[in-house]
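Novice: Here's a structure for you.
In full-length UniProt numbering, the protein residues as written are 1 to 291.
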């Protein structure tokens, strides 16, 4: 199954509001009917106004179908929201979404932020812990710089520590950090790497103590000599390559402390659900509770 369906399979719900509503109801994301919160009577749906209305004559209370869901309080039609979400899953640039949907830049950027917040909330605890018995986890740090300066000048941005497991799933974690000292790095590893994992890092002093303090096997490569240890075969090329993909996902203007968290969670969510992004998005829409 493809991570995202073909556009032709979904364009009916993107451009027909009734079809979009029926689709979301069929997925259990929006209600078909329910119990009146006021009197306990049954409700029916007003398709034109997207309202659940009590059938009892002495009540007739109505509630928006969107209430308590991701779609509550939003300005776009249901189908258009799904269209923007679809393009976002495909990593379509903001300008491309604006062109295809005819929306303003502010609207598109707001909705992309909503989607990032949604998938951040949808990440299961187990999705944030990688590795396991005998699984190699490469760990590295990178500076997510905002802009480039001449040689010798400081680069603004955020330090990020991340890891990737060397399995076919290539699950990852990535978190922003204030410092790269041992206390900080070991705390991150403890939270995000499962017991029994084998840790591969470079010789940065912040990794000292992985074996003794965390009880994990720790192997290193000296990057001042080799990118890959010729005897043990240890390297961190996989996580370093992952940083390249990550930086492509995050525009330089968004590499700030304010924006970095949700961007990192989006990256981890995409990697955890890389085989079924559309289904994972629908699951998030169905399960994340809005109050």
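Every residue gets a Cβ at the ideal spot worked out from N, C-alpha and C, and that includes glycine.
1) CB-CB under 8 angstroms to residue 7, same chain, minus the five flanking residues each way: which ones, in chain order?
2) How about residue 223 and residue 202: are their beta carbons less than 8 angstroms apart?
3) Any idea if residue 39 is buried or exposed, counting beta-carbon neighbours within 10 angstroms, 16 or more meaning buried?
4) Quick one: complete alpha helix (DSSP H) runs, 4+ long, within the stretch 72 to 149?
5) Quick one: measure Cβ to Cβ for residue 4 and residue 90, integer angstroms, because I've assumed they're closer than 8 angstroms.
6) Is DSSP giving residue 32 helix, strand or coil here?
7) Under three-state DSSP, which class holds residue 254?
8) Around the C-beta of residue 197, are 16 or more other C-beta atoms found within 10 angstroms, so that it is buried, or is it exposed?
9) Is the beta carbon of residue 172 sitting closer than 8 angstroms to the one on residue 95?
10) Could you check what DSSP says for residue 11 in three-state terms: helix, strand or coil?
11) Quick check: the stretch 159 to 177 against the stretch 230 to 246, are at least 3 beta-carbon pairs closer than 8 angstroms?
12) Please list the terminal residues of the continuous alpha helix (DSSP H) segment that includes residue 192.
13) Tell me the DSSP secondary structure of residue 159 in three-state form.
14) Sort 280, 277 and 261 by Cα distance to residue 117 and report the nearest one.
15) By the DSSP assignment, the alpha helix (DSSP H) with residue 238 in it spans what residues?
16) How big is the Cα-Cα spacing for residue 76 and residue 43?
17) Spell out the partners DSSP gives residue 267 in its beta bridges.
18) Near residue 60, what residues of its chain come up, given a Cβ to Cβ distance below 6 angstroms and the 5 sequence neighbours on each side ignored?
19) Please report the distance separating the alpha-carbon of residue 151 from that of residue 141.
20) Any idea what DSSP makes of residue 165, helix, strand or coil?
21) Let me know if residue 284 comes out buried or exposed under the rule of 16 or more other beta-carbons within 10 Å of its beta-carbon.
Specialist: By the coordinates alone:
1) Annotation for residue 7: 86 place their beta carbon closer than 8 angstroms to its own, counting only its chain and skipping 5 residues before and after.
2) Remark: C-beta atoms of residue 223 and residue 202 approach each other more closely than 8 angstroms.
3) Flag for residue 39 reads exposed.
4) Within the stretch 72 to 149, complete alpha helix (DSSP H) segments of at least 4 residues are found at 78 to 89, 94 to 101 and 105 to 122, given in chain order.
5) Between the beta-carbon of residue 4 and that of residue 90 there is about 6 angstroms, and that keeps the pair under the 8 angstroms contact cut.
6) Looking at residue 32 - three-state DSSP - the assignment turns out to be coil, as it is neither helix nor strand.
7) In the structure shown, residue 254 sits in a helix (DSSP, three-state: H, G or I).
8) Result: buried.
9) No, the Cβ-Cβ distance between residue 172 and residue 95 is not below 8 angstroms.
10) The answer is helix: DSSP assigns residue 11 an H, G or I state.
11) The stretch 230 to 246 is in contact with the stretch 159 to 177.
12) Taken as a continuous stretch (DSSP letters only), the alpha helix (DSSP H) holding residue 192 covers 182 to 192.
13) Residue state, collapsed to three classes: strand.
14) Residue 261 is the option with its Cα nearest to residue 117.
15) That run of the alpha helix (DSSP H) goes 237 to 249.
16) Roughly 25 angstroms separates the two Cα atoms.
17) DSSP, once it has assigned bridges, lists no residue as partnering residue 267.
18) Cβ neighbours of residue 60 beyond the five flanking positions: 54.
19) Any reading at residue 151 is ruled out, since the residue's pLDDT is 48, under 50, leaving its predicted position unreliable.
20) The DSSP-derived three-state label of residue 165 is strand.
21) Buried is the call here.
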